[in-house]
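Undergrad: Note that this note's numbering has the sequence shown beginning at 2, numbered continuously upward. C-beta: ideal position from N, C-alpha, C; glycine also. First, the structure itself, so that you have it in front of you.
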Amino acid sequence: MTAQDQKTASLTELAALVSGHLVGDADLRVSRVAPIHTAGEGAITFVANPKYISVLESTSASAVIVHPDLGYDGAIPRIETVNPYLAFAKILTFLAVEKPACLGIDKSAFVAKT
2 MTAQDQKTAS LTELAALVSG HLVGDADLRV SRVAPIHTAG EGAITFVANP KYISVLESTS
62 ASAVIVHPDL GYDGAIPRIE TVNPYLAFAK ILTFLAVEKP ACLGIDKSAF VAKT
C-alpha cells in the first residue's frame, strides 16, 4: 500500500464519528489502528482495561481511545468514550481502504482442457 492509498482522519473527525470527547491535538491525523504494543506514529490504539493504562507510557501510538472512568490524564491525545471497543471498531472500518473493483476478465486468461 502506498502513502496515497492510505485514508487519514483528524482526531476531531474521529471523535465525532464515535460521539467521543476529544482531549488533545484536534488536528492530529491518524491513518490506521493498531494494538497498544505495536502502535507507532500515525496509529490510534485503545485501552478499555485499567491494567493497560501504564502501558500508554511506553506506546508510540499517536492517539488513544479510552473510557473516561479510567482516569487517563497522560500526554497522548485521546478520545474518551463509554465504549472503547465499539469506537475502535468504527474507526477501523472508517480508515479501511477499499480495494479496487474487479474490472473483468483479463484477455490473457484461459482455462486448461484438463
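Determine whether the beta carbon atoms of alanine 49 and tyrosine 86 lie at a separation below 8 Å.
TA: Start at 1 with the first residue of the sequence shown, and residue 49 comes out as number 48. Start at 1 with the first residue of the sequence shown, and residue 86 comes out as number 85. A contact, by the Cβ cut-off of 8 Å.
Undergrad: Is the region 12-28 touching the region 77-84 in the sense that three or more CB pairs, one from each, lie closer than 8 Å?
TA: Because the criterion of three Cβ pairs below 8 Å is met, the region 77-84 and the region 12-28 touch.
Undergrad: Do you know offhand how far threonine 3's Cα is from leucine 23's?
TA: Reading the sequence shown from its first residue, position 2 is the one you call residue 3. Reading the sequence shown from its first residue, position 22 is the one you call residue 23. Per-residue confidence for threonine 3 stands at a pLDDT of 47, beneath the threshold of 50, marking its modelled position as unreliable; no derived number is given.
Undergrad: From Val65, His38 and Ile106, pick the residue whose C-alpha is nearest to that of serine 59; which is it?
TA: Position 58 of the sequence shown holds residue 59. Out of Val65, His38 and Ile106, His38 has the C-alpha closest to the C-alpha of serine 59.
Undergrad: Looking at the structure shown, is alanine 90 part of a helix, part of a strand, or coil, going by DSSP?
TA: Translated into the one-based positions of the sequence shown, residue 90 becomes position 89. Of the three classes helix, strand and coil, the one that applies to alanine 90 here is helix, per DSSP.
Undergrad: Please report the straight-line C-alpha distance between glutamine 7 and valine 65, rounded to a whole angstrom.
TA: Position 6 of the sequence shown, counting from 1, holds the residue named residue 7. Position 64 of the sequence shown, counting from 1, holds the residue named residue 65. If you take the alpha carbons of glutamine 7 and valine 65, they lie about 19 Å apart.
Undergrad: For a test of the three-state rule: what should DSSP assign to serine 55, helix, strand or coil?
TA: Working through the sequence shown from its first residue, we reach residue 55 at position 54. Serine 55 falls in the helix class under three-state DSSP.
Undergrad: Going by Cα to Cα distance, which pick from Leu71, Ser61, Ser63 and Gly41 is closest to tyrosine 53?
TA: The residue labelled residue 53 in the question sits at position 52 within the sequence shown. Checking every option, the nearest Cα to that of tyrosine 53 belongs to Leu71.
Undergrad: DSSP three-state call for phenylalanine 47: helix, strand or coil?
TA: Here the question's residue 47 lines up with position 46 in the sequence shown. Strand, per DSSP.
Undergrad: Is leucine 23 helix, strand or coil by DSSP?
TA: On the sequence shown, position 22 is the one that residue 23 refers to. Strand at leucine 23.
Undergrad: Taking just the CA atoms, how far does threonine 115 sit from alanine 10?
TA: Along the sequence shown, read from residue 1 onward, the residue named residue 10 stands at position 9. Along the sequence shown, read from residue 1 onward, the residue named residue 115 stands at position 114. Answer to the nearest angstrom: the Cα atoms are 50 Å apart.
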